[in-house]
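*Asks:* I'd like to ask some things about the structure below.
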Amino acid sequence: MKIAVDLRMSGKSGIGAFIDSMLPTLKEGAQVVQIKPGIKPFSLKEMLFFPRDIIKKINECDAYFSPYCNIPGRLFSRGIRVPIFSTIHDVIFLDLPLAGKLGTFARKMIYQRAINKSKEIFTVSEFSKSRILARLKCKKPITVVYSGVPLYNEEEDQADANAPKDDTIIFVGNIKAHKGIKTLIPAFIKARKILADNDGALLGQDKARPLPRLLIVGSKENFRTSDTELSELIAQSENNGVQFTGFVPDQELKGLIQRARLLVQPSLYEGFGVPPLQALYSGTKAVISDIPAFKEIYERLPVTYFKAGDAEDLAKKIAAVYADKSPLPPVERIHSYRFSAQAVLKRIGESIKMEK
């Protein structure tokens, strides 16, 4: 089986990690033709003027796989003629008012275009599948292929799992409305107060343990927010034990997660949510919101849930987990990009065989 794979987002976070982490397994199971022209995804050039020679290269394959919902095309041409398999990770822009009416309409057209042009859609959770069906006109098959952890987290390393912990709590992600930062920062400040006011009671005999610091991985200048209240909250947060790390390379991020006492993911909406999985696979506890996707993905894993959007509940859970000296229970490795890639190959192979 010969598959053309869009690698234009390779090397980036998010979609880039999704395709980069699946690529080795895709190559094991199929002949992969890597498509990586210097054409920006979601641009008019991509949709109307994709290079003729690259489309020809794609059409010499058995199928075309896109790790996202952007499909190349060419005006006055049949474009891609082989079966297209695209990926819709979530429909957050349709479920939450993040981009305004015009932006939401544009994104809906992009999602719908992907569905119309694809033979089959992949997504990363049953929750996302349900939202695609609720928000879009989709009669195409939708296959759930769960995400995993990036390749640098994939291999189990007992030494990593037993790495000594420091006094940090870590959050990994952009500051966007749905990531729950407006819940996290007040909750963290209150959790520090709970620990301090209890005069070590929560910490048992370990009264020397310092109050936690919150590491927000990424530069605050690069976080996307037009929320004035949130911007002011961020500006004041560094006086309360909050630190923005700036850009962190993969191996450094791996170390930060391994050494953290816990990771907090206070999201209000996710299609999957990888950082808690990175934490658990690194021997670090995770406190996460009780949103549908997390309840699905982490159902069999040892996480602590809090009520989404409730800073009081989150503060109590942060304080309790930070003070708890018991080790993280064994973590079953039920999500892996190897499994995801195998599922993609299986469905593409079955679909092509049915077509023939």
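Take my numbering: the final residue in the sequence shown is number 338, and no numbers are missing along the way.
All C-beta atoms in this analysis are idealised placements derived from N, C-alpha and C, irrespective of residue type, glycine included.
#1: Output the boundary residues of the beta strand (DSSP E) element that contains E28.
#2: Run through the DSSP bridge pairs and tell me what K(-16) is partnered with.
#3: Return the residue from the list G223, P33 and C43 that minimises the CA-CA distance to S59.
#4: Of the residues P49, K22 and A302, which one's Cα is nearest the Cα of P194?
#5: Leaving out five residues on either side along the sequence, give the residues of the same chain with a beta carbon under 8 Å from the beta carbon of Q140.
#6: What does DSSP give as the partner residues of A103 in its beta bridges?
#7: Run through the DSSP bridge pairs and tell me what L197 is partnered with.
#8: Bridge partners for A45 per DSSP, in chain order?
#9: Taking its Cβ as the centre, do 16 or more other Cβ atoms sit within 10 Å of D72, making it buried, or is it exposed?
#10: In chain order, what residues of the same chain have a beta carbon less than 6 Å from the beta carbon of I171, not counting five sequence neighbours either side?
#11: Alpha carbon to alpha carbon, how far is Q94 from D148?
#12: Exposed or buried, which one is G(-7) when buried takes at least 16 other CB atoms within 10 Å?
#13: Leaving out the 5 sequence neighbours to the left and right, which residues in its chain are closer than 6 Å to E28 when beta-carbon positions are compared?
#14: Can you name, in chain order, every residue of its own chain whose Cβ lies under 6 Å from the Cβ of F24, other than the five neighbours on each side?
#15: Beta-carbon separation of V127 and S322 under 8 Å?
#16: Between the C-alpha atoms of V131 and I198, what's the straight-line distance to the nearest angstrom?
#17: Between I300, K39, V14 and R174, which has its C-alpha nearest L244's C-alpha?
#18: Helix, strand or coil: how does DSSP classify A268 here?
#19: Report yes if the C-beta distance between Y251 and I74 is below 8 Å; otherwise report no.
#20: Have a look at Q187 and K289 and give me their C-alpha separation to the nearest angstrom.
#21: Does DSSP put L78 in a helix, a strand or coil?
#22: Just list the alpha helix (DSSP H) runs in the region 229 to 264, keeping only unbroken ones of 4 residues or longer that don't cross its boundaries, in chain order.
#23: Excluding sequence positions up to five away, which residues of its chain have a Cβ less than 7 Å from the Cβ of Y280?
#24: Pull up the distance between the alpha-carbon of K111 and that of A297, whole angstroms please.
#25: What is the rounded straight-line gap between the Cα of R89 and the Cα of I157?
#26: State the start and end residues of the unbroken beta strand (DSSP E) segment that holds F288.
#27: Beta-carbon separation of A293 and A178 under 8 Å?
#28: First and last residue of the alpha helix (DSSP H) that includes E278?
#29: My output table needs one value for A141: the three-state DSSP class, helix, strand or coil.
#30: Could you check whether V224 and Y263 sit closer than 8 Å to each other, using their CB atoms as the reference points?
#31: Here's the rule: buried if 16 or more other CB atoms are within 10 angstroms of the residue's CB, otherwise exposed. What is A116?
#32: What number of angstroms, rounded off, separates the C-alpha of L215 from the C-alpha of L166?
#33: Looking only at DSSP bridge pairs, what is I56 linked to?
#34: Just how far apart, CA to CA, sit S(-5) and A261?
#35: Mind checking which residues open and close the alpha helix (DSSP H) that includes L166?
#36: If you run the structure through DSSP and keep just helix, strand and coil, what is K147?
*Replies:* In this structure, then:
#1: For E28, no beta strand (DSSP E) run applies; the uninterrupted alpha helix (DSSP H) run containing it begins and ends at L26 to L30, by DSSP.
#2: Q13
#3: Answer by Cα proximity: P33.
#4: A302
#5: Confidence in Q140 is poor, its pLDDT being 48 and thus under 50, which makes the residue's placement unreliable; the coordinate value appears in the next sentence. For Q140, same chain residues with a beta-carbon under 8 Å away, outside a window of 5 residues either side, do not exist.
#6: Looking at the sequence shown, residue 103 is not Ala but Ile. Note: I103 sits in a beta bridge opposite S68 and I124.
#7: I152 and Q225
#8: I(-15)
#9: buried
#10: N222
#11: Their Cα atoms are separated by approximately 47 Å.
#12: exposed
#13: I21 and P54
#14: N52
#15: yes
#16: Looking at the two C-alpha atoms, the distance is approximately 19 Å.
#17: I300
#18: Assignment of A268 by DSSP, reduced to helix, strand and coil, places it in the strand class.
#19: yes
#20: At Q187, the pLDDT of 47 sits below 50, so the modelled position is not reliable; the number obtained from the coordinates is stated separately. Whole-angstrom Cα-Cα distance: 30 Å.
#21: coil
#22: 232 to 241 and 257 to 263
#23: P258 and I270
#24: Near 32 Å, if we compare the C-alpha coordinates of A297 and K111.
#25: 20 Å
#26: T286 to F288
#27: no
#28: P274 to I279
#29: With a pLDDT of 48 at A141, under the threshold of 50, the modelled position of this residue cannot be trusted; read the value that follows with caution. Correct three-state label for A141: helix.
#30: no
#31: exposed
#32: Rounded to the nearest angstrom, the two C-alpha atoms are 11 Å apart.
#33: It is worth fixing the name first, because residue 56 is Arg in this sequence and not Ile. As computed with DSSP, R56 is found in a beta bridge with F31.
#34: So the alpha carbons of these two residues sit roughly 17 Å apart.
#35: For L166, the enclosing alpha helix (DSSP H) stretches over residues I163 to D179.
#36: K147 carries a coil assignment under DSSP once its states are collapsed to helix, strand and coil.
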